[in-house]
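Chains as they are written, first to last, in the working numbering: chain A, 4 to 226; chain B, 4 to 226; chain C, 4 to 226; chain D, 4 to 226; chain E, 4 to 226; chain F, 4 to 226; chain G, 4 to 226; chain H, 4 to 226.
For each residue, glycine too, the CB sits at the ideal point set by N, CA and C.
What follows is a single structure, written as structure tokens, with notes after it.
There are 8 protein chains.
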Amino acid sequence: GFAKVDHNRKVRQGFPEIIFGEGKTAAQIISIMDAIKSRGDDVLATRVAKEKAEEILKYQPDFIYNETANILYWKKDMQPNMGDTGYIAIVCAGTSDLRVAEEAAVTAEFLGSDVRRFYDVGVAGIHRLLDNVEAIRDATVSVVVAGMEGALPSVVGGLVSRPVIAVPTSIGYGANFQGLSALLAMLNSCASGVSVVNIDNGFGGAYNAVMIDRMARSAREED
Amino acid sequence: GFAKVDHNRKVRQGFPEIIFGEGKTAAQIISIMDAIKSRGDDVLATRVAKEKAEEILKYQPDFIYNETANILYWKKDMQPNMGDTGYIAIVCAGTSDLRVAEEAAVTAEFLGSDVRRFYDVGVAGIHRLLDNVEAIRDATVSVVVAGMEGALPSVVGGLVSRPVIAVPTSIGYGANFQGLSALLAMLNSCASGVSVVNIDNGFGGAYNAVMIDRMARSAREED
Amino acid sequence: GFAKVDHNRKVRQGFPEIIFGEGKTAAQIISIMDAIKSRGDDVLATRVAKEKAEEILKYQPDFIYNETANILYWKKDMQPNMGDTGYIAIVCAGTSDLRVAEEAAVTAEFLGSDVRRFYDVGVAGIHRLLDNVEAIRDATVSVVVAGMEGALPSVVGGLVSRPVIAVPTSIGYGANFQGLSALLAMLNSCASGVSVVNIDNGFGGAYNAVMIDRMARSAREED
Amino acid sequence: GFAKVDHNRKVRQGFPEIIFGEGKTAAQIISIMDAIKSRGDDVLATRVAKEKAEEILKYQPDFIYNETANILYWKKDMQPNMGDTGYIAIVCAGTSDLRVAEEAAVTAEFLGSDVRRFYDVGVAGIHRLLDNVEAIRDATVSVVVAGMEGALPSVVGGLVSRPVIAVPTSIGYGANFQGLSALLAMLNSCASGVSVVNIDNGFGGAYNAVMIDRMARSAREED
Amino acid sequence: GFAKVDHNRKVRQGFPEIIFGEGKTAAQIISIMDAIKSRGDDVLATRVAKEKAEEILKYQPDFIYNETANILYWKKDMQPNMGDTGYIAIVCAGTSDLRVAEEAAVTAEFLGSDVRRFYDVGVAGIHRLLDNVEAIRDATVSVVVAGMEGALPSVVGGLVSRPVIAVPTSIGYGANFQGLSALLAMLNSCASGVSVVNIDNGFGGAYNAVMIDRMARSAREED
Amino acid sequence: GFAKVDHNRKVRQGFPEIIFGEGKTAAQIISIMDAIKSRGDDVLATRVAKEKAEEILKYQPDFIYNETANILYWKKDMQPNMGDTGYIAIVCAGTSDLRVAEEAAVTAEFLGSDVRRFYDVGVAGIHRLLDNVEAIRDATVSVVVAGMEGALPSVVGGLVSRPVIAVPTSIGYGANFQGLSALLAMLNSCASGVSVVNIDNGFGGAYNAVMIDRMARSAREED
Amino acid sequence: GFAKVDHNRKVRQGFPEIIFGEGKTAAQIISIMDAIKSRGDDVLATRVAKEKAEEILKYQPDFIYNETANILYWKKDMQPNMGDTGYIAIVCAGTSDLRVAEEAAVTAEFLGSDVRRFYDVGVAGIHRLLDNVEAIRDATVSVVVAGMEGALPSVVGGLVSRPVIAVPTSIGYGANFQGLSALLAMLNSCASGVSVVNIDNGFGGAYNAVMIDRMARSAREED
Amino acid sequence: GFAKVDHNRKVRQGFPEIIFGEGKTAAQIISIMDAIKSRGDDVLATRVAKEKAEEILKYQPDFIYNETANILYWKKDMQPNMGDTGYIAIVCAGTSDLRVAEEAAVTAEFLGSDVRRFYDVGVAGIHRLLDNVEAIRDATVSVVVAGMEGALPSVVGGLVSRPVIAVPTSIGYGANFQGLSALLAMLNSCASGVSVVNIDNGFGGAYNAVMIDRMARSAREED
Ligand SMILES: Nc1ncnc2c1ncn2[C@@H]1O[C@H](COP(=O)(O)O)[C@@H](O)[C@H]1O
Ligand SMILES: Nc1ncnc2c1ncn2[C@@H]1O[C@H](COP(=O)(O)O)[C@@H](O)[C@H]1O
Ligand SMILES: Nc1ncnc2c1ncn2[C@@H]1O[C@H](COP(=O)(O)O)[C@@H](O)[C@H]1O
Ligand SMILES: Nc1ncnc2c1ncn2[C@@H]1O[C@H](COP(=O)(O)O)[C@@H](O)[C@H]1O
Ligand SMILES: [Mg+2]
Ligand SMILES: [Mg+2]
Ligand SMILES: [Mg+2]
Ligand SMILES: [Mg+2]
Ligand SMILES: [Mg+2]
Ligand SMILES: [Mg+2]
Ligand SMILES: [Mg+2]
Ligand SMILES: [Mg+2]
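If you want it as structure tokens, here you go:
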């Protein structure tokens, strides 16, 4: 085949292969996802546009497509995390950041974490964030998604004492430079405990968060 | 002489000439300031480093030097704005932004406005800002000074209903790129009512604010 | 719903919610504008392309669409500002900057200010500007819109003694870098009293100007 | 005083205040550290150059200075983490990255984590990294420090299944652009589980890692 | 005609003219290729999109089109390099880099070198590269193609003792900036023996490699 | 010797060799200037700092040093251009641009043109420029020197009908980026007839202007 | 109307108004060109794409369209410059630069200069340029158009003793950054006598050249 | 010790360890060089400033220091390459590029190649290069060093049929951006057969060239 599926990775890293759908044809996505699914493994593809997803779903009607997140996946067994109170907070600034926030949320759920969404709580109306501060503080880790000036992770980072994964988005125009303004802001956050992933990389934010959440939850379960 | 002092400007704009001290020798600053002072006009120079100021003060002991602000000035008549409740809020994020904030504050006072300082109220400890929100809301205009991620003007802009002049500073390192991160963040502010001046331009922030404050105060005085 | 409409903002800021139309579907814009209108509040959406506007107008024929400005709005009560001589000057360099200048003008009128337009008065034919200088000087505040080398705000700022809000546009090509040249020029203006908003942000320029104009007009009215 | 020490932070975040020493005078650092120490709290200052540190140590001989890390601190109680096998791996590419790696290592130890150092294991001699892979895999979290092409976090991220905090350094010249090349490389890592902090921000890398390590260790201790 | 075909070049450089197909119409490509072919010379065009190629093939069915590489060529005489063990290694990181890697591979074969492909051996799964290290070491020269963080040439350069030509690709998003991250990484490689060509310039990588391979092979043949 | 003096150039170009003094030692400058002078040719060195010049003048007291321009030269025969009314206008925005303007003026005079200086006529006080417009219009060519927002060449270019050579300077701070703002503004000038040389390249501006002035003057002389 | 046609310009500058066609509709172009033509003035529009031109030509069949140059014009009187040997050299590097070179050539001819074209003489085959060096030296001024590495103006500038106007083009890919590489190269030319206009600004190159050529030709005619 | 000397490298790559002297103290350089020398291996350090070298030479008088190249080395056995006609051409544009060119030349000689220097043959006086073209063509490989517009490798690349390693230098000012202009020009070279190393990386250019020269020379020796 054209791609060496990294079978060894699940063993090495404890996570299934995740496919970057952009730039791949429907046929390529089907072929890779099938290969993984036929091994009995869960599989998820990000950045699958609606039209492409619909084409794929014709051949694979048991795949699930989340339109906001542009994510297509197949999972053996989708039951919720029972008897466990740990969760990841997905926080986002504005409705335009939704696609990226949902990419993070759906990925995190797929990888086995519980998620609570705190959307449209941007810094220009700070009371919306403050109203939710207790619930965000209780999360094991927060994924904070923001475009434009990218200020939200600094404010959240100052309010919580657990890790914040900041995801800049390309939302904005002009001196935004496709997300550069938010990216730089997040890298320069004056709050401690904030680390950053690539612009629009909701998937990456979730992946980091799940790694942390797993460790945190095993800790809590023991309590 | 080497410089055409723009005598016409005070008439045209209602403000005295202000000297940009950087790159000028002590002798040049003395000569320009003297020329203006000898006309009976007030005069102020920004960005005068301590050593240079000390040299100048030997010749002109009646000039006043503010070390934090790096400002040297002479003013006929320094009495406060009596019987008037309007003021400009100078808000700044961290102690490192002090030089720029004070450049703004001293300039604004020199130009005839009252000033209230709200320093070290950066977004990573948002309660410090929230504690001062009423007093900032009451200002006719706010000058908000911040480096690093430059998030403060967005938060202030969302809390007040009067203009915010944002002044990015070059405070930071690495992906700060000498103030670019704060500048871009402020230009992309999702709060309405925020406009921006050059990096480290405390003077410019103050000048804009005084223009607005004057109009606002005449309004209030009439009430 | 997908968006938390910030109902509290009008109270906090004294201005109605304004919708950023770009990236929203016709259906989303209708739903938000309806929600606001049905509260009896005025509502305006910027960056609504012609086709989208036409689709919306089918459902909401009482909305008004300004094609040059790409603005769609609904206002209870559009009467002019009577018995008041204050106005905002909207100054622009070339015909290519019209879209942004009109975004500013229509927004300012919607928010309740009077506006006077001074268009196509760019610096390469300086007499066109000089012919209008008295009327621009009399404005409470100027919004100066320019692309390419972005020189106009410096010239205007040197001629007037009230605030200038500079709006860089993305008009140009090559070393213009989508408005970067105009943006940098404006941030580096050697005229005092110039502050800057994001590239193509006519809305933001207007919003700042209206805040100032309101204060200035109440002052004048008292005279 | 000139700075509002954020006393509330320790409560809010569970970590002591850490001082950014750059741009502060010896006198300022002494005054802040004393204020904190006199409350009985531990205190650490980063980016304290040798000369400044020596000046401070004259007044405060019980402070400890780490020259490679440029860190000055005081800690009530420095005993090691007993009866616990969790640790943070600090991995760095070359000897030039040592200052940043040690800033991370000393900060992490100060904040209460155990640290294991894997230095000079850059990708141009990959066997040096492979020789240490088991020990790095066993860490709860890795802080991976690299300048120049910044490739190391991608390789480490592909070998381990726990979080990697990548710290780009400004080591390099020419097209390195003061660390931009390493920063961009890390943000674009094709390995999952990598998040990034600012250029040369060893402190930030450590702070994030300690947050994670704490959660992981409580989990393990329960086993 | 519209182009001066550089007939002198083959004599000067020992290589046939190669056409840059992008931005040329099918008619222009046919006319240039025909002119060269009719002299009896081999001819190749890079960056010929599928639709354009199909149009050309209608008129010139004896041209050969490689779809992955976007290359169209005509060669008198395609026999392999017999009795010679030298080859160029074309190494690439991910399946998305295939277009560029194949542009390099097909160009090199056209110019008379043997090629061995090592695809999908990116650094995030380093074992895939290590499995192939002997064969890559035996190549006379390696062309290493990678996008995103561009780390692969550094790892390969550290493992082999012959020249590495690094080809950054524009694969990635966000802080990738159309290949800038990979380009900067490769220019800053801490491995010796790595030189770099333009982003996505598979052709250029191959051309350099063939020049080297020719010299190396004549050397070996003599042994 | 260490440098191949391009003896052929004067023949080829009709101008003497001009030395770039920056980065050369006093000894190197003396040795090159002597070599040229001893051929009987005029010689000029730019960017010679005061200390270096003083050192050189000890050995070559007949050299002339212009401190503002940082230029050192020797000329056989310095008589003015008699019986000829053509001249180059050197126009500059502010006193900070003086060094570059004088580099242009002294170079042009050295190369045999008459020069008229119009200094400190920046756009923020446009009347200063307008007062001089007739004399600038009469020049054969203008060299327009400006830093910060670099607006002056656009205004001059719109007022005159002969060529304008724009010289951006690095004067400014913050978002000036060492002259980038002025450079971009000048390249994007909406006035026709403006071409641009490198930042701070007063020499280059003069050299271009003298080439043009020579042609224009021979034309006039014939009238 | 929507545009203030700068009628005064022809008087001020001796050149007709030239229209920037990009971003204007066919209707707008017709209306402006008609207004000028109906005054009896010549008129030219640059950057008119083929489809738009065809639409315009339906209404104005006496306009002339040059497809390569994307230029549309009307000229009373197109006779050649008789009895005069002066001309402008338009030199270009590759066939891809043709559009810009022809924009320059057609503009220069329209403005009344004679033009000689030297196309496809890029530096990678330097003999092609050297073969034409005498004819280029004899031009009153050269417009040198090049993309990619933009080296041609430096080589030409070193060979001629009259002004070179360098026009960078956006031809290239990858690290070309839409013409930035050629622009920077030209601004840094080590040849004296080179000035630069905006990327792809063939019009601007021609306009500057014609200004110079006019002065030079009047000089020669007198001889 | 603080550095893991990569003993395995010589075996792996056939070249001795080379030390990057910048940022290392004299003591560190002595200690590393001694370690290698005491194994009987040759050793070289680049970027050793004169003062540092003099300090080191006091302890190690048998080391050799080349001041122009800023290189310090020790070699068992410095005899020339007898009975072999292959050599590397080191070509450089101007005298300012000498430091980098000599870094390349001395490194190449140290690594066992013969070198011929072609200095001060920049493109603004193309005859200087053309005079040397035969000798450059005969080299096995050329290292072409240039700052400013970086045009030289394109011209050389078009004249020779063997590989060109281009080394951009940071020589220049203003829009040079510390070597960016030369770097971009070289990456965009329209000549085939040019690959690029980092700005000012004379060492890297030499290293690549020696790898190629070795293969070429063994070929020739066999002839
Ligand atoms: N053209 C515009 N440019 C920048 N901000 C805008 C613009 N139009 C509206 N806004 C702001 O965007 C906010 C609404 O964003 P949204 O919730 O995405 O519709 C409003 O409150 C305005 O402050
Ligand atoms: N090296 C460092 N890099 C980034 N942030 C730091 C560093 N050292 C300390 N800090 C942060 O800077 C804050 C203190 O800043 P300051 O009040 O200026 O001393 C601390 O709370 C830390 O979060
Ligand atoms: N993909 C490519 N990238 C860079 N240069 C190329 C490419 N393909 C061909 N070339 C070069 O472009 C030249 C031909 O350009 P052109 O005359 O525009 O077809 C050839 O001589 C090659 O050196
Ligand atoms: N200030 C300057 N800026 C740009 N180029 C200059 C300057 N001064 C001299 N030059 C050019 O530099 C060349 C000499 O460089 P060099 O051989 O290094 O002295 C001269 O021929 C001039 O063309
Ligand atoms: Mg926190
Ligand atoms: Mg507000
Ligand atoms: Mg003003
Ligand atoms: Mg991993
Ligand atoms: Mg190697
Ligand atoms: Mg003009
Ligand atoms: Mg010349
Ligand atoms: Mg070649």
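query                                                                                                                                : result
Residue range of the beta strand (DSSP E) that includes V200 (chain H)                                                               : Neither: V200 (chain H) is in no beta strand (DSSP E) and is coded neither H nor E.
Contacting residues, own chain, Cβ-Cβ under 6 angstroms from D37 (chain D) (five flanking each side not counted)                     : none
Rounded straight-line distance, which links the Cα of D123 (chain A) to that of A145 (chain A)                                       : Reading off the sequence shown, one finds Ser at residue 145 (chain A), where the question assumed Ala. Between S145 (chain A) and D123 (chain A), the C-alpha separation is close to 15 angstroms.
Sub-8 angstroms separation of V103 (chain G) and T172 (chain G) beta-carbons                                                         : yes
For N191 (chain E) and G97 (chain D), the rounded distance between their alpha carbons                                               : 14 angstroms
Terminal residues of the beta strand (DSSP E) in which P19 (chain B) lies                                                            : It is not in any beta strand (DSSP E) - P19 (chain B) carries neither H nor E in the DSSP assignment.
Touching by the beta-carbon criterion (3+ pairs, under 8 angstroms), the region 102-116 of chain D and the region 136-154 of chain D : yes
C-alpha gap between F23 (chain B) and N73 (chain A), whole angstroms                                                                 : 54 angstroms
Bounding residues of the alpha helix (DSSP H) (the contiguous stretch that carries V146 (chain A))                                   : No alpha helix (DSSP H) holds V146 (chain A); the beta strand (DSSP E) holding it covers V144 to A149.
N- and C-terminal bounds of the beta strand (DSSP E) containing T3 (chain F)                                                         : Residue 3 (chain F) lies beyond the residue range present for chain F, which begins at 4 and ends at 226; the question has no answer from this structure.
Residue-chain proximity (S145 (chain C), chain B), Cβ-Cβ < 8 angstroms                                                               : no
Alpha carbon of D203 (chain D) to alpha carbon of L155 (chain A), nearest angstrom                                                   : 23 angstroms
Cα-Cα separation, D45 (chain A) to I21 (chain E)                                                                                     : 47 angstroms
Closest Cα partner of A219 (chain H) within the set H:P166, H:F180 and H:E112                                                        : H:P166
For N69 (chain E): DSSP bridge partner residues                                                                                      : E:I74
I33 (chain E) CB to nearest heavy atom of ligand 3 below 7 angstroms                                                                 : no
Paired residues, beta bridge with C193 (chain C) - DSSP                                                                              : Per DSSP, none; premise fails for C193 (chain C).
beta-carbon G161 (chain B) near ligand 3 non-hydrogen atom, thresh 7 angstroms                                                       : no
CA-to-CA distance, E105 (chain C) to V51 (chain C), given in whole angstroms                                                         : 13 angstroms
Test: Y68 (chain A) CB closer than 8 angstroms to a CB of chain C                                                                    : no
Between the CA atoms of A188 (chain E) and G175 (chain E) - distance to the nearest angstrom                                         : 14 angstroms
Proximity winner among E:F180, E:K40 and E:A185, relative to W77 (chain E) (alpha-carbon distances)                                  : E:K40
Whole-angstrom distance between P19 (chain F) and K61 (chain F), CA atom to CA atom                                                  : 24 angstroms
Opposing strand residues paired with R120 (chain F) [DSSP bridges]                                                                   : F:I93
Run of the alpha helix (DSSP H) containing I39 (chain D), from where it starts to where it stops                                     : A29 to S41
Within-8 angstroms CB hit, S221 (chain C) to chain G                                                                                 : no
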